[in-house]
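Numbering (my numbering), first residue to last: 166 to 556. Glycine included, each C-beta is placed from N, C-alpha and C at the ideal position. All values reported here derive from a predicted model rather than from experimental measurement. A short write-up of the structure that comes next.
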Amino acid sequence: MAQPQQPPQAPPPGAAHPPAPPAPSAAQPQLPAPGLRIPPPAAGPAPAGPPAAGPHVAPPVGPVGIVAPPVGPVGIVAPPRNNQELEAQRRQADDWRSRKVEDLRAERRETHEGGRTIIQEPGRTIVREDGRVFIRHNEVERFGFHARNVYVEQRGSDTVTIVERPDGIRIVTFTTPDGRLLRRLRRYPDGREIIIIDNPVREYRDVVDFYIDLPPPVIRIPRERYILDVERASEADVYAVLTEPPVEPLERAYSLDEIRYSRPLLERMPSVDIDTINFAFGSWEVTPDQAARLAIIADAINRTVADNPRTVFLIEGHTDAVGSDVDNLSLSDRRAEAVATVLSEQFQVPPENLTTQGYGKQYLKIPTEAAERRNRRVTVRNITPLLTGAR
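Written out as structure tokens, the structure reads:
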């Protein structure tokens, strides 16, 4: 294996930096541009919607909150160390992108460590412990579309992966030895840096716990501004929901892990259900005709990122209630990643502004144990206020 290359030095902070063009329109799918240019941050608060009467408490959806994963080495797909490894990982992802969950079962390898069961499958690590199950995967391969170079550095126990694009912008990702994301930033050719995600471990009484115990939020806005079905929405509707402030005041800024694994916290933010993507049973394939339906989602996200380059969207994957926990967790995680990939490769949504997570069958939209298409869905939320503690 060739040794990782060392990245060239960035120009001094005083170097010229050409102005970035506005976010592209997603009215028509386009071929990905060679590199993504993000405008500098713009000042000004996010628009707030008008108040509405009739407060009510959001009903719980499915089981109460996902329990945080255990902390400690669990095994994860290693980040690519160079361009060749990145391309190999992307080819493997492409090989699996149109497959079904039934094809994964033969590829799974199960090991046991103490009371923990670790299930490895192509591109994913699934962990069972104390009756709980969670999933992890490496997101770096999504950033490598049209990458010019990939570098990897070891800084202490952390791995730093640098994906350099043809325009000189670098996406820098810091991960722990077990693959947990610590930080993600965008570095411009003139030396400017924008931290997109900062994901520290918060320790309380010598115990690391990502779950935040909160009551369900009280919703004081109309239902269509809290959970929007994109099938009946315009780009303006989607943009409005994705720029809504939290439905309740936040006590502080939260880490990405706290947000991922604390459903009551996540539900402080309005969401958009992408019900225009009709996943086949047991499949995460996004067909070309359905990919085109993501245009208005992409337009709204690109517009929001143009307003604030630090914006982070969580793409959630969900399944119906049929099948095993492991199958559904893997399937939902791959559905979320498949949608995020289409948004970036066809509509130029910056991949670093997206993060994905599968929730399996935990949060059913339609409460039924039967096969239900409407439960096989992907949801989008703007989680930036949760990361920054904005009020």
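No residue range can be given for Glu304, since it is assigned to no alpha helix (DSSP H) and is classified by DSSP as neither H nor E. Under the three-pair Cβ rule at 8 Å, the stretch 534 to 543 counts as touching the stretch 485 to 505. Leu350 has its alpha-carbon roughly 15 Å from the corresponding atom of Tyr316.
Residue range 281 to 286 is occupied by the beta strand (DSSP E) that includes Gln285, with no alpha helix (DSSP H) assigned at that position. A Cβ-Cβ distance of about 6 Å is found for the pair Tyr419 and Leu430, placing them in contact under the 8 Å criterion. With distances taken between CA atoms, Asn364 lies nearest to Ile424 out of Tyr376, Leu415, Ile424. With respect to Ile461, Val403 sits close: the two C-beta atoms are nearer than 7 Å.
For Asp498, there is no enclosing beta strand (DSSP E); the residue is part of the alpha helix (DSSP H) that begins and ends at 490 to 512. Counting only the Cα atoms, Leu529 lies some 17 Å from Ser448. Closest by C-alpha distance to Arg433, out of Asn518, Gly554, Phe299, is Gly554. When only Cα atoms are considered, Arg500 and Glu450 end up about 7 Å apart. In the three-state DSSP reduction, Gln319 falls in the strand class (E or B). In this structure, Thr520 sits near Leu479, with a CB-CB distance shorter than 7 Å. By the 16-neighbour rule on beta-carbons within 10 angstroms, Val437 is buried.
Residue state for Thr338 is assigned as strand, using DSSP reduced to three classes.
Under DSSP, Glu358 shares a beta bridge with Arg352. Close CB contacts of Thr506 within its chain, under the 7 Å cut and outside five residues either way in sequence, are with Arg307 (chain order). Scanning its chain for C-beta atoms nearer than 6 Å, with the 5 sequence neighbours on each side dropped, one finds around Glu396 the residues Asp440, Thr441, in chain order.
The stretch 327 to 347 and the stretch 376 to 391 do not touch, with fewer than 3 CB-CB distances between them shorter than 8 Å.
Within the model, the alpha-carbon separation for Ile360 versus Arg475 is close to 7 Å. Burial of Ser495 is indicated by the presence of at least 16 other C-beta atoms within 10 angstroms of its C-beta.
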